[in-house]
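*Asks:* Got a structure for you, written out below as structure tokens; questions coming shortly.
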Amino acid sequence: MISAEAALETLFALAPLLPVEEVPIEEAGGRVLGRDMAALRTQPPFAASAMDGYAVHRADALPGAVLRVVGESAAGAGYGKPIAPGETVRIFTGAPVPEGAQRVVIQENTTRSGKHVTLTALGDSANIRPAGGDFREGDTLHAPCRLGPAEVALLAAMNHARLPVHRRPEVAVIATGNELVPPGGIPGPDQIIASNGYGLKVLAERAGARVRLLPIAHDTDPALRAAFTQAEGADMIVTIGGASVGEHDIVGQVAGALGLELAFHKVAMRPGKPVMAGRLAGALLLGLPGNPVSALVCAHLFMEPALWAMQGLPGPIPRQSVPLAAPLPANGSRTHYMRARSTPQGVIPFDSQDSSLLTVLSRADVLIERPPDDPPRRIGTAVTCLPLR
Ligand SMILES: Nc1nc2c(c(=O)[nH]1)N[C@H]1C(S)=C(S)[C@@H](COP(=O)(O)OP(=O)(O)OC[C@H]3O[C@@H](n4cnc5c(N)ncnc54)[C@H](O)[C@@H]3O)O[C@H]1N2
Ligand code: MOO
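Right, here's the structure in full:
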């Protein structure tokens, strides 16, 4: 059995780095930038007014000054000429500040009478954004980087209409088990509804993947072989269930017969002990345990980071140190990922940590990560938490 950290490192080593493709900027959100991008222009390209008001020459920056309004500078249509002492230009936010002007006095600090304006006060700020105050031509946003709203807007401002991003990982999900019926189906007396794949799809799509949920495979050699055939072409194959030690747990066996290069099977963690991984026909195979919470916790810990790694972002899952708002008993010999909820006082683990309870997982917003053999912990002790949302 290997540790959860070693398992994640192994997955990073197995994860292929996907090639870079160009997409329209409108479709780049949530993807990972594949190449450094240099600004094609300077922003703002000219000294721009930060307020609506009057552009004032340095010589006139005095309360009580009476100035002659000689023109207007609007966003998209500047005044186009310098101003001289005694002159002012009506100016609007985002408009070019005319040469000669040293400050913009906001209109609330002026009184206008026909062609003349009186400065009643100056205000603290010059209200001018210098040219290049945000970025200059050639300034670079470095890859790899996840393209969130701010990054996409920045690259748009840099005048890029298309962006190089890593290809989306193609994920095939195979739920296994004779007992499973898809949601909306009619289960027999010994059957249940398959749920895990749907949760995994949400998680994988959040990590930029395109997901195919394959038909549920029965616990037989031919059914599993057929499912693996259908998964061909995927960058990652995720199986659910059949990973443990019972006679019906044959996923590893069938994948082995198909040429799986097994990297690990069993991780010293709870839930998720029977998780396995390796390479199968060019794909990364991640075999998740069937218990719903085990499957989803392992997906948070392994599938999601591996998908980011394929897009050029291998890295640890963010962790926070949070005080306990309820005591914890001693931990056993495996790292325990406890479902817990955050409160203003600290984090509270749920009483039941059974790995079948989706209701508990749905109410949890963090996992408390407890190291092996951690002693009992009192209220107020700082513990390591991983966000689930
Ligand atoms: N003798 C031992 N038994 C078990 C061990 C062990 O070490 N020795 N490990 C336990 C642990 S830990 C886990 S986790 C489970 C994992 O077993 P499998 O991966 O083989 O999963 P299954 O047996 O196929 O299913 C377990 C459970 O989950 C339900 N399930 C499966 N797939 C889905 C799905 N897509 N949606 C919803 N629910 C699903 C399934 O019906 C079972 O109830 O093994 C322990 N046993
Ligand atoms: O992953 Mo198993 O829960 O450790 O139930």
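So the sequence shown is residues 1 to 389, counted in UniProt numbering. Don't be surprised by glycine CBs; every beta carbon is placed ideally from N, CA and C. No experiment lies behind these values; they were computed from the predicted model shown.
In three-state DSSP terms, what is Pro-372?
*Replies:* coil
*Asks:* In chain order, what are the residue ranges of uninterrupted beta strand (DSSP E) at least 3 long that sit wholly in the UniProt domain "MoaB/Mog" (172 to 309)?
*Replies:* 210 to 213, 236 to 240, 261 to 265, 276 to 280 and 283 to 288
*Asks:* Run the proximity test for Ser-294: is its beta-carbon closer than 8 Å to any non-hydrogen atom belonging to ligand 2?
*Replies:* yes
*Asks:* Hey, would you say the C-beta of Thr-384 is under 8 Å away from at least one heavy atom of ligand 1?
*Replies:* no
*Asks:* Tell me the DSSP secondary structure of Leu-14 in three-state form.
*Replies:* helix
*Asks:* Any residue with its C-beta under 6 Å from a non-hydrogen atom of ligand 1 counts. Can you list them all in chain order?
*Replies:* Ala-175, Gly-177, Glu-179, Leu-180, Ile-192, Ala-194, Ser-195, Asn-196, Gly-197, Ile-240, Gly-241, Gly-242, Ala-243, Ser-244, Val-245, Asp-249, Pro-271, Lys-273, Pro-274, Pro-289, Gly-290, Asn-291, Pro-292, Ser-294 and Ser-355
*Asks:* Tell me which residues share the same chain as Pro-274 and place their Cβ nearer than 7 Å to its Cβ, disregarding the 5 neighbours each side in the sequence.
*Replies:* Ala-243, Ser-244, Lys-266 and Pro-289
*Asks:* Taking all protein chains shown into account, do 16 or more other C-beta atoms lie within 10 angstroms of the C-beta of Pro-222, making it buried, or fewer, making it exposed?
*Replies:* exposed
*Asks:* Check Gln-107 in the structure and name its three-state DSSP category.
*Replies:* helix
*Asks:* Exposed or buried, Asn-196, counting other C-beta atoms within 10 Å across all chains shown (16 or more means buried)?
*Replies:* Within a 10 Å sphere around the beta-carbon of Asn-196 sit 16 or more other beta-carbons, which makes this residue buried.
*Asks:* Just confirm the distance between the C-beta atoms of Arg-270 and Arg-334, as a whole number of angstroms; I'd bet it's less than 8 Å.
*Replies:* Going by Cβ atoms, the distance from Arg-270 to Arg-334 rounds to 5 Å, so yes, they are a contact pair.
*Asks:* Considering only the beta carbon of each residue, do Ala-121 and Pro-169 sit closer than 9 Å?
*Replies:* The Cβ atoms of Ala-121 and Pro-169 lie no closer than 9 Å to each other.
*Asks:* On the three-pair Cβ rule with 8 Å, is the stretch 324 to 340 touching the stretch 26 to 37?
*Replies:* no
*Asks:* Taking only three categories from DSSP, how would you classify Ala-161?
*Replies:* coil
*Asks:* What is the DSSP secondary structure of Thr-118, counted as helix, strand or coil?
*Replies:* strand
*Asks:* May I ask which residues mark the beginning and end of the alpha helix (DSSP H) holding Thr-343?
*Replies:* From DSSP, Thr-343 is part of no alpha helix (DSSP H) but of the beta strand (DSSP E) over 335 to 343.
*Asks:* Around the C-beta of Gly-380, are 16 or more other C-beta atoms found within 10 angstroms, so that it is buried, or is it exposed?
*Replies:* It is exposed - the Cβ of Gly-380 has fewer than 16 other Cβ atoms within 10 Å.
*Asks:* Taking the straight line between their C-alpha atoms, what separation do you get for Ile-2 and His-300?
*Replies:* The straight-line gap separating the alpha-carbon atoms of Ile-2 and His-300 is approximately 18 Å.
*Asks:* Suppose the cutoff is 6 Å on Cβ atoms and the five residues either side in sequence are ignored; what does the same chain contact list for Pro-375 look like?
*Replies:* Cβ neighbours of Pro-375 beyond the five flanking positions: Ala-330.
*Asks:* Hey, how far is the Cα of Arg-129 from the Cα of Pro-316?
*Replies:* 39 Å
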